[in-house]
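Trainee:
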Amino acid sequence: MSRHWSDWMWVGLVLSTCFIVGAASAQPAIIESVVPQYIQGRNGGNTQRIPCAYWVRISGLTANATYRYFNQVVRSSDSPTTDGAGNSIFAMPGGFVRTSSPDLSSDGDHGEFTADGDGSFGGWMITESTGNARFVPGDYVFFRIMLNDGSGGSTVATRLTTADSIRVLKLDAASADSAGTGIRGRTLAEPRDFVLFFDNMAGTGRPFAATFIESDGSENSASNNYVSFYADSVDGIGGAIGAILPNVNGSGVRRVERRSADGTVVAFHQSNDGQWPSGANTVNPAGGATPIVLTTLDIPLSSSGVWGPQSGLEPVRYALISAYPNPFNAETSIRFDLPTSQRVTLSIFDETGRLLTTLAHGGLLPAGRHEVHWDGRAVSSGNYFVTLSGEGLMTTIRLVVVK
28 MSRHWSDWMW VGLVLSTCFI VGAASAQPAI IESVVPQYIQ GRNGGNTQRI
78 PCAYWVRISG LTANATYRYF NQVVRSSDSP TTDGAGNSIF AMPGGFVRTS
128 SPDLSSDGDH GEFTADGDGS FGGWMITEST GNARFVPGDY VFFRIMLNDG
178 SGGSTVATRL TTADSIRVLK LDAASADSAG TGIRGRTLAE PRDFVLFFDN
228 MAGTGRPFAA TFIESDGSEN SASNNYVSFY ADSVDGIGGA IGAILPNVNG
278 SGVRRVERRS ADGTVVAFHQ SNDGQWPSGA NTVNPAGGAT PIVLTTLDIP
328 LSSSGVWGPQ SGLEPVRYAL ISAYPNPFNA ETSIRFDLPT SQRVTLSIFD
378 ETGRLLTTLA HGGLLPAGRH EVHWDGRAVS SGNYFVTLSG EGLMTTIRLV
428 VVK
């Protein structure tokens, strides 16, 4: 064998060895993330809980392997082998699962995901704050994800921590950088997608908050120490969402964005000043546990498009189209057409002409077909009237509530 050929064989052996060692030494790592700026914190034992979601892409996994995981939060002073604190909600395709005792050995106390053929996974993690000292308002925490070995193991093999920290807020009316106000809303979106709240119309940078769309399958109730507005008006209600915003917030929420399970943007709605068509004002809130309320007029978040006007529909007249169902027992969807952009008011009256509620407060809406929900569970059986008015025009239709 020639010396030249022998040298090339040696080089090939070295390169092959390097590739094998490199492949074997690949370790799981978070290579991409969408982490909100704020998470709800404790008030004593923390009986005002609100879930917080974030998205990660993990590389360095074994191709096509199924991993067990759970997720918590840590402080910068925690060791690399500390799991942390907080309850987990696992975003499983068949329904979300909540646990207050996350681990990798017991059924229901961990989630599972399967890496793709490249050894990568992208998905959502959800943390519920507890009364642990890591959730002191004003402090900063990091999200940490615990993985098994991808081979059925029941112990932690890898701990991954987000690079971005999250500020802890207490639900409080104070104008302080450790205080926050709740926000809830109704959408027309499918359950188990996710919603992000941004302080800019482009949706750049980190969102104020991120949460999931109900009804997800997990119990986020008063018995599980959730704040009243979430337990009563969000949990288990299709299309409902709930989160927390910082009180020191001069821009307000200017973009509300819906994303799918894989992190893809599905729909979004924008405000140029943090005030929304229903009258909701998200600038420097001071409500604490009394939330700002967004309606389907503000954030329908349907997959048909932005701002709610149905894709391809160009109304030629101003009209209050319909309510469906009608008659109804609990709630109905009211549709109306605007041929041009204009300010409108949408109100509900009883038979005596008494104003019950206003669903649109004169905000500027774009041309198109719009849809808003009215929850009539608090009223008795009878006839009610919805009136749409704006720029010299008014139209009314009858609603029938049957209990």
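With the sequence shown counted from 1, adding 27 to any position gets you the working numbering.
Ideal Cβ placement from N, Cα and C applies to all residues, glycine included.
(1) Check residue 394 in the structure and name its three-state DSSP category.
(2) What residue range is occupied by the uninterrupted beta strand (DSSP E) comprising residue 270?
(3) Using a Cβ-Cβ cutoff of less than 8 Å, which residues in the same chain neighbour residue 391 once the five nearest sequence positions on both sides are dropped?
(4) Over what stretch of residues does the beta strand (DSSP E) that includes residue 412 continue unbroken?
(5) Rounding to the nearest angstrom, what Cα-Cα distance links residue 396 and residue 364 in this structure?
(6) Throw me the rounded Cβ distance for the residue 67 and residue 207 pair, which I believe falls under 8 Å.
(7) I think residue 358 touches residue 409, with their Cβ atoms under 8 Å apart; what is that distance to the nearest whole Å?
(8) Here's the rule: buried if 16 or more other CB atoms are within 10 angstroms of the residue's CB, otherwise exposed. What is residue 421?
(9) Just the Cα atoms here: how many angstroms apart are residue 195 and residue 417?
(10) Could you compute how far the alpha carbon of residue 256 sits from the alpha carbon of residue 176?
(11) Do you know how far the Cα of residue 149 is from the Cα of residue 36?
(12) Could you check if residue 426 is buried or exposed, using at least 16 other CB atoms within 10 Å of its CB as the buried criterion?
(13) Excluding the five sequence neighbours on either side, which residues of its own chain have a C-beta within less than 6 Å of the C-beta of residue 385, listed in chain order?
(14) On a Cα-Cα basis, can you pick out the residue from 174, 218, 167 and 215 that is closest to residue 204?
(15) Between which two residues does the beta strand (DSSP E) carrying residue 351 extend?
(16) Give the single residue among 258, 295 and 276 whose Cα lies nearest to the Cα of residue 269.
(17) I'd like to know whether the C-beta atoms of residue 316 and residue 79 end up nearer to each other than 8 Å.
(18) Any chance you could list the beta strand (DSSP E) runs of at least 3 consecutive residues sitting entirely within the stretch 257-325, in chain order?
(19) For residue 148, which of helix, strand or coil comes out of DSSP?
(20) Under 8 Å Cβ to Cβ from residue 39, same chain only, skipping five residues before and after it: list those, please.
(21) Let me make sure I understand the geometry here. Which of 127, 308, 264 and 178 has the alpha-carbon closest to that of residue 252?
(22) Going by DSSP, which residues form a beta bridge with residue 228?
(23) Please tell me whether residue 227 and residue 274 are closer than 8 Å, where the distance is taken between their beta carbons.
(24) Beta-carbon separation of residue 216 and residue 329 under 8 Å?
Mentor: A quick look at the data gives this:
(1) Of the three classes helix, strand and coil, the one that applies to residue 394 here is coil, per DSSP.
(2) Bounds of the beta strand (DSSP E) holding residue 270 are 267-273.
(3) 304, 368, 369 and 370
(4) Residue 412 -> beta strand (DSSP E) spans 409-417.
(5) 4 Å
(6) 7 Å
(7) The Cβ separation is near 16 Å, so there is no contact.
(8) exposed
(9) 42 Å
(10) For residue 256 and residue 176, the gap between their C-alpha atoms comes out near 40 Å.
(11) The pLDDT assigned to residue 36 is 41, lower than 50, so where the model puts this residue is not dependable; a value taken from the coordinates is nonetheless given after this. Each residue's Cα considered, the two are about 40 Å apart.
(12) buried
(13) 374, listed in sequence order.
(14) Residue 167 is the option with its Cα nearest to residue 204.
(15) 346-351
(16) 258
(17) no
(18) 267-273, 282-286, 292-297 and 319-321
(19) Residue 148 falls in the strand class under three-state DSSP.
(20) With a pLDDT of 44 at residue 39, under the threshold of 50, the predicted position of this residue should be treated as unreliable, though the coordinate-derived value follows. None.
(21) 127
(22) Its beta-bridge partners do not exist; DSSP assigns none.
(23) It is not a contact, given that the beta carbons lie outside the stated cut-off.
(24) yes
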